[in-house]
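Please read the structure below before turning to the comments.
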Amino acid sequence: MTAETVLIVEDDEAMRRVLKDNFQVSGFQVETAEDGEVALAKIGPGIDLVVLDIMLPRVDGFEVCRRIRSQGSDAFIIMLTAKGEESDAVLGLNLGADDYVTKPFRVRELLARAQAFMRRRKQASQESFAFAHFKLDQAAHRLCHPDGEVELTPKEFGLLEFFLRNRGRAVTREQILNSVWGSSVHVTFRSVDRCVNTLRSKIEEDPSRPRFIRTIREVGYRFEESSSTVESRQNRR
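Numbering of the sequence shown is given in my numbering, commencing with residue 37 and proceeding in unit increments.
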């Protein structure tokens, strides 16, 4: 099984070395960066977790976090903040960080949080969602139908997954943007509507009269259960 990869972004050399050694001992593949620009150059699909200091040379941690999310990366981000700087933690979370720890901290606590995130990711990747004659298989990243696989773009897949996780609930276009596109400044509500329309064309018998993805006027959308049971389950070996 391939080890998860963590990117440690920390300008203090001694701290960077300590974190690197401890993550390696815990089974992670480790990449390091001493400033924000190097970190951004290393971000990619192979990075599962980012341990991100806020006070960095060249590009600070807040901007690094914002750009990571604008690129569509779903890597978990744990920010390192100064003790007592609650406002920094809140800003980091608003920019897309998943968690934070305050300095000074125990490395074991940081590792425990990182490992909890990785367990959560593995569980999520094993989920599948079924509706009508469709099955959204997260592990294989595909939408299956008795007539064959339905080809989805990455955004259509993410959008359908978001709807299925929130089925029965009205969701706004802003919520969809934040969850599926992240904080990209180049995306508008029209992008959401276009993606909804293309997704409808692939799963609805009559896209002009949608059975699943219903438009909620002045709000957004709602994924409704059909007469067939919509279910979520864990694949078990």
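Backbone N, C-alpha and C define an ideal beta-carbon position, used for all residues, glycine too.
Within the segment 88-127, the runs of beta strand (DSSP E) that reach at least 3 residues and sit entirely inside it are, in chain order, 112-118. Residues 76 of the same chain have their beta carbon placed closer than 7 angstroms to that of residue 103, with the five preceding and five following residues left out of the count.
Bounds of the alpha helix (DSSP H) holding residue 194 are 190-201.
DSSP lists no bridge partner for residue 59.
Spatial neighbours of residue 198 in its own chain (CB-CB distance under 7 angstroms, excluding positions within 5 residues in sequence) are listed in chain order as 212, 215, 216. In terms of CA proximity to residue 143, 59 leads the group 78, 100, 59. DSSP places residue 153 in the helix class (H, G or I) of the three-state scheme. Secondary structure note for residue 252: its beta strand (DSSP E) is the uninterrupted segment 249-252. For residue 212, the enclosing alpha helix (DSSP H) begins and ends at 209-212.
For residue 224 and residue 101, the gap between their C-alpha atoms comes out near 20 angstroms.
Burial check for residue 61: the Cβ neighbour count within 10 Å stays below 16, so the residue is exposed.
About 7 angstroms separates the Cβ atoms of residue 131 and residue 105, confirming a contact at the 8 angstroms cut-off.
Here residue 215 carries a helix assignment [DSSP, helix/strand/coil]. Cβ-Cβ distances below 6 angstroms link residue 86 to 43, 111, 113 in the same chain, with the five nearest sequence neighbours on each side left out; the list follows chain order.
In this model, residue 118 and residue 56 are separated by some 20 angstroms (Cα to Cα). For residue 229, the enclosing alpha helix (DSSP H) has its first and last residue at 225-239. Judged by DSSP secondary structure, residue 163 falls outside any alpha helix (DSSP H) and instead within the beta strand (DSSP E) spanning 163-167. Membership of residue 74 in the alpha helix (DSSP H) is indicated by the continuous run 72-78. With contacts defined by Cβ atoms closer than 8 angstroms, residue 115 and residue 90 form a contacting pair. If you look at residue 259, you'll find it in the beta strand (DSSP E) that goes 256-259. Around the beta carbon of residue 190, fewer than 16 other beta carbons sit within 10 angstroms, so the residue counts as exposed. The continuous beta strand (DSSP E) containing residue 65 extends over residues 65-69.
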